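Have a look at the structure below, then the notes.
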Amino acid sequence: MTTPFATIYSYPDNFRVKRAKATSLLSNLTLLESPSYTHNTTNRTPEFLSKFPLGKVPALETSTGFTLTEGFSICRFLADSGSRAAQLLGGDVETRARIDEWCVFAEMEVVGNVMPVLGMLVLKVTPWNEWRYGFCVGNLERALGVLEGVLSKGGEGGNKRFLVGEEITLADVMVGGALVRAGNFLMDKEMRRGVPAVEGYLRGLMEVPEMKEAFGELVLVEERVRVPESE
1 MTTPFATIYS
11 YPDNFRVKRA
21 KATSLLSNLT
31 LLESPSYTHN
41 TTNRTPEFLS
51 KFPLGKVPAL
61 ETSTGFTLTE
71 GFSICRFLAD
81 SGSRAAQLLG
91 GDVETRARID
101 EWCVFAEMEV
111 VGNVMPVLGM
121 LVLKVTPWNE
131 WRYGFCVGNL
141 ERALGVLEGV
151 LSKGGEGGNK
161 RFLVGEEITL
171 ADVMVGGALV
181 RAGNFLMDKE
191 MRRGVPAVEG
201 YLRGLMEVPE
211 MKEAFGELVL
221 VEERVRVPES
231 E
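Per UniProt numbering, the very first residue in the sequence shown carries number 1; after that it's consecutive.
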């Protein structure tokens, strides 16, 4: 049996792990998801904390003992370690900067506005806050509008298939993965109606074999999660 390039630790169905898996597949690297990890148990043990002091997941450990946390850092490391680094990360300084810009956009503008709503209305681990809900939804809609403006300028009347250049890059993995998570409960049919290029981009991206293997079939919610009337 081939030794995996790295093992990743996390709870099931973590979209950040799916992005890492997609990156590893695109990079021709073997990434093992730890079968023995139990959330809030494994990551509180002295052994785990000696490697990952904050106890955060996803957490990555390579076969050589190198350890790393933070979703973007893990994906970037995997992309840089594989056979398609120049494609995934860019072959020149400006392309690399643009790809990094989109990766940070994914974390700040999409994930940063999706996760508070997830915590309030799906996981129900944070108190309901009407102002914050509206703030996050508004920010997400603004971010999607920016994406729409970029993707709709594909030339010859078509939309762009990828964010940077003519091939998939880490920008697409990071942004696409964030959009998948948003589409599970917040980026509903009404919201998508105003950004058709974004929806087309996401559907096309999830047909890329490595993305499809990592994320599975794309599921987009018809109606966004909202606070119950009793609240």
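Beta carbons are placed, not taken as given, at the ideal position from N, Cα and C, and that holds for glycine.
Quick caveat, the model's predicted, so the values are computed rather than measured.
Per the DSSP secondary-structure output, L32 pairs in a beta bridge with T7. In this structure, G177 is the residue among V227, G177, F77 and E210 with its C-alpha nearest to the C-alpha of F105. Straight-line measurement puts the Cα of L68 at about 7 Å from the Cα of E61. With respect to the 8 Å criterion, I99 and P58 are not classified as neighbours on the basis of their beta carbons. If you look at E61, you'll find it in the beta strand (DSSP E) that goes A59 to T62.
Counting other Cβ atoms within 10 Å of its Cβ, F52 reaches 16 or more and is therefore classed as buried.
For T67, DSSP records a beta bridge to E61. Pairwise C-beta distances place the stretch 8-26 in contact with the stretch 79-92, as three or more of them are shorter than 8 Å. Boundaries of the alpha helix (DSSP H) around S24: F15 to L26.
Within its own chain, the residues whose Cβ lies closer than 6 Å to the Cβ of A22, once the five positions on either side in sequence are excluded, are V173, E210, M211 and A214, listed in chain order.
The residue from C103, K124, A6 and T95 with its alpha-carbon nearest to that of E166 is T95. Approximately 19 Å separates the beta-carbon atoms of E33 and F72; this is outside 8 Å, ruling out the contact. Take L89, set aside five residues on each side of it, and the residues of its chain with a beta-carbon closer than 8 Å to its own are R76, A79, D80, R96, I99, T169 and L170, in chain order.
If you draw a 10 Å sphere on the C-beta of E47, you find fewer than 16 other C-beta atoms in it, and that means exposed. In the three-state reduction of the DSSP assignment, D80 falls in the helix class, which pools H, G and I. DSSP places Y133 within a helical segment (H, G or I) once states are collapsed to three. E109 is a Cβ neighbour of N139, given a cutoff of 8 Å. Counting only residues of its own chain and dropping the five nearest sequence neighbours on each side, V219 has a CB closer than 8 Å to the CB of G183 and N184.
Between V227 and L121, the CB-CB gap stays under 8 Å. CA-to-CA, the gap between S63 and G149 works out to about 42 Å.
Between the alpha carbons of G145 and T45 lies a distance of about 44 Å.
By the CB criterion at 8 Å, D188 and R224 fall inside the cutoff. Between V114 and R181, the gap from beta carbon to beta carbon is short of 8 Å.
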